[in-house]
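One structure is given here, and the rest of the page talks about it.
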Amino acid sequence: MITVGLTGGIGSGKTTIAGFFRELEVPVYIADEAGKRLMETSEEIRNKIIEIFGKEAYKNGLPDRKLIASRVFKDKALLEKLNNIIHPAVADDFNEWKARQKAAYVLYEAAILFETGAYKKVDFSILVTAPKETRIKRLQKRDNSSPEEIADRMNNQWDDERKSKLADFVIENTDLGHSREQVKDIHFEILKAGQNSQKFC
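Okay, so the sequence shown: first residue is 28 according to our numbering, each after it adds one.
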């Protein structure tokens, strides 16, 4: 089964694009949602996070995401430690999920697909882009994030120019109607590749 990675900078609209693929009956795995779920349900992950951030990292058994985020986005070493806990657990969870799917291909949506090297494990990669000003407006509307918080998060991701050199497909996500058409085109390209290559059988 083909695995397609979907990524894009924060505020680019990855989730919207993933929704368009779902409309085409493509199974979609959202790595960020899985990571949050595992932080809540895995005792092993909870213990590792508390070891790094202290007991205050959890309140009433749930992760204090705001506290954790405020620390990691200003400290790359700390962010790397957190990623080293979460990413392997998410990868295992994804593989278990993928084994249950029945489709020509599945979509793996991850914010830092290229930064972590995870793009090397997928068959195709899709990059979602949007102008920086558009992304900032979306984030302010969605999360009530301050400009400083947004800048911290953006600074921990590669810029679109660097990622586009590695991506197989790029979706410019400014007009939703056009974005939906781009998704359909890519969908058929992937299906055609799967039919034409024994690699994906």
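C-beta: ideal position from N, C-alpha, C; glycine also.
Run of the alpha helix (DSSP H) containing residue i, from where it starts to where it stops
i: Val53; result: Taken as a continuous stretch (DSSP letters only), Val53 belongs to no alpha helix (DSSP H), as it is neither H nor E.
i: Ile198; result: Premise fails: Ile198 lies in the beta strand (DSSP E), Phe196 to Glu199, not in any alpha helix (DSSP H).
i: Ile112; result: Lys103 to Ala126
i: Leu134; result: Per DSSP, Leu134 belongs to no alpha helix (DSSP H); it is in the beta strand (DSSP E), Tyr132 to Glu136.
i: Thr143; result: Neither: Thr143 is in no alpha helix (DSSP H) and is coded neither H nor E.
i: Ile163; result: Lys159 to Asp170
i: Gln222; result: Leu203 to Asn223
i: Leu193; result: Looking at the DSSP string, Leu193 is not in any alpha helix (DSSP H), and its letter there is neither H nor E.
i: Asn74; result: Glu70 to Phe80
i: Ser97; result: Arg92 to Val99
Test item: CB-CB of residue i and residue j under 7 Å
i: Arg162; j: Phe47; result: no
i: Phe141; j: Lys190; result: yes
i: Lys125; j: Ile79; result: no
i: Val197; j: Leu134; result: no
i: Gly221; j: Ile29; result: yes
i: Lys75; j: Ile112; result: yes
i: Thr156; j: Glu199; result: yes
i: Pro174; j: Gln128; result: no
i: Leu89; j: Glu70; result: no
i: Ala131; j: Leu218; result: yes
i: Leu106; j: His214; result: no
i: Ile62; j: Val117; result: Residue identity check: residue 62 is Gly in the sequence provided, not Ile. In this structure, Val117 lies closer than 7 Å to Gly62 by Cβ.
N- and C-terminal bounds of the beta strand (DSSP E) containing residue i
i: Ser152; result: Phe151 to Thr156
i: Ile29; result: Ile29 to Gly35
Pairwise C-alpha distance: residue j and residue i
i: Leu94; j: Glu216; result: 42 Å
i: Glu136; j: Pro115; result: 15 Å
i: Phe227; j: Val31; result: Bear in mind that a pLDDT of 49 at Phe227, under 50, signals an unreliable position, so the model cannot answer this.
i: Leu33; j: Glu83; result: 33 Å
i: Asp195; j: Ile57; result: 19 Å
i: Lys211; j: Ile77; result: 44 Å
i: Asp170; j: Asp91; result: 16 Å
i: Ala104; j: Arg49; result: 36 Å
Stretch-stretch touch, CB-based, cutoff 8 Å, three pairs: the segment 35-49 with the segment 155-174: yes
Segment contact, 8 Å Cβ cut-off, at least three pairs: the segment 120-136 with the segment 97-106: no
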